[in-house]
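All residue numbers for the sequence shown refer to the working numbering, where the first residue is 1207 and numbers rise by one. Glycine included, every Cβ here is placed at the ideal spot set by N, Cα and C. Below is one structure, written out as structure tokens; the observations come after it.
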Amino acid sequence: MSYFAATRHPWACLVFLLPLLATYELGVAWIGGQAIPRNGADTWLRWALERYGFNQLLAAPLLIVSLFTLRTLWSWKDRPGSILGVVFGMLVESLAYAVLLWMISRNFAMLLDQAGITLQVPGPQSVAAITYVGAGIYEEVLFRLVLFSVLVFVFRLTLLATPMAVLLASVLAALAFAAAHHIGPYGEAMNSQIFLFRFCAGLFFTALYVFRGFGIAVGAHAAYDVLAGVVVAQT
């Protein structure tokens, strides 16, 4: 199996996701548990699970791990052989995509600055690094793994050709992704320029999900959020 095929295998995704999930969940619990503001996707998923009687803190990460464990068992015979090499490649690739998106965001901001508009990036917070990792995980679960996939399935049921179904689902999922940042008690005030950038970022992450797999989409999203929200904001 080639590296590019291996990164899309659920076994590689599971091994790659476990450290990210553990870092986020244990980090939030250690810093302050429920007192730490979570991003919208994480909050919505936990709220939905709690309504059905599931433990709010454990159900969400266990659901993700269980899903990829079942998918791994289903395709165990086809799993990549050198898993550590594949996961290391996924890490490097995720970081490269995160830097690429950050460079796009900087150029995007320059164009807006020329129009007299400043694209604000959230300043550093004491727990920002942890919450940004969580955003990378749970936003990809909600908007790519669930919403995008469901939309493609629904559009295919309407007999749309696969390329058109993927295109429409990409646009709608990216719009939902951008809008979600302005909803709820922690949502930001609506800003059309920031909304436009996040829509483009949503398309970017969807392309990663389709062509490079869920694990790399999560890694790139988490790395970008940390880079843009913490590292760069402190320089």
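Going along the chain, which residues of its own chain have a beta-carbon closer than 8 Å to the beta-carbon of residue i, five neighbours each way excluded?
i	result
G1295	Y1209, T1213
I1336	T1229, Y1230, G1233, V1234, I1237, I1242
L1306	none
V1293	A1218, V1221, F1222
L1374	L1357, F1361, L1366
W1308	Y1430, L1433, A1434, V1438
Y1338	A1428, D1431, V1432, G1435, V1436
D1284	M1207, H1215
Leaving out the 5 sequence neighbours to the left and right, which residues in its chain are closer than 7 Å to residue i when beta-carbon positions are compared?
i	result
I1421	Sequence check: residue 1421 is Gly here, not Ile. T1213, A1218, C1219, F1222, L1223, M1296, listed in sequence order.
R1277	P1216
T1275	L1220
R1257	none
G1419	T1213, R1214, C1219
Does the beta-carbon of residue i have 16 or more other beta-carbons within 10 angstroms, so that it is buried, or is it exposed?
i	result
S1311	buried
A1211	exposed
L1279	exposed
V1360	exposed
S1288	exposed
L1227	buried
G1425	buried
Between residue i and residue j, how many whole angstroms is the CB-CB distance? I'm expecting something under 8 Å.
i	j	result
S1272	H1215	Actually they are not in contact, since the Cβ atoms of S1272 and H1215 sit about 17 Å apart, beyond 8 Å.
F1411	H1427	6 Å
S1376	L1409	6 Å
V1356	I1270	That belief does not hold up - the Cβ atoms of V1356 and I1270 are roughly 16 Å apart, past 8 Å.
P1286	M1396	Actually they do not touch by this definition, with Cβ atoms about 44 Å apart.
V1358	A1367	Actually they are not in contact, since the Cβ atoms of V1358 and A1367 sit about 12 Å apart, beyond 8 Å.
A1384	F1401	5 Å
Within its chain, find whatever has a CB closer than 6 Å to the CB of residue i; leave out the 5 residues flanking it on each side and keep chain order.
i	result
Y1415	R1350, A1423
E1231	P1267
R1362	A1371
F1314	F1403
For a cutoff of 8 Å on Cβ pairs, would you count residue i as touching chain B?
i	result
C1406	No chain B is present in this structure, which holds just one protein chain.
Touch check for the region 1220-1229 and the region 1301-1311: three-plus C-beta pairs under 8 Å? no
Does the region 1369-1383 come within contact of the region 1401-1412, defined as at least 3 CB pairs closer than 8 Å? yes
Can we say the region 1342-1356 touches the region 1425-1434, given the rule of at least three CB pairs closer than 8 Å? yes
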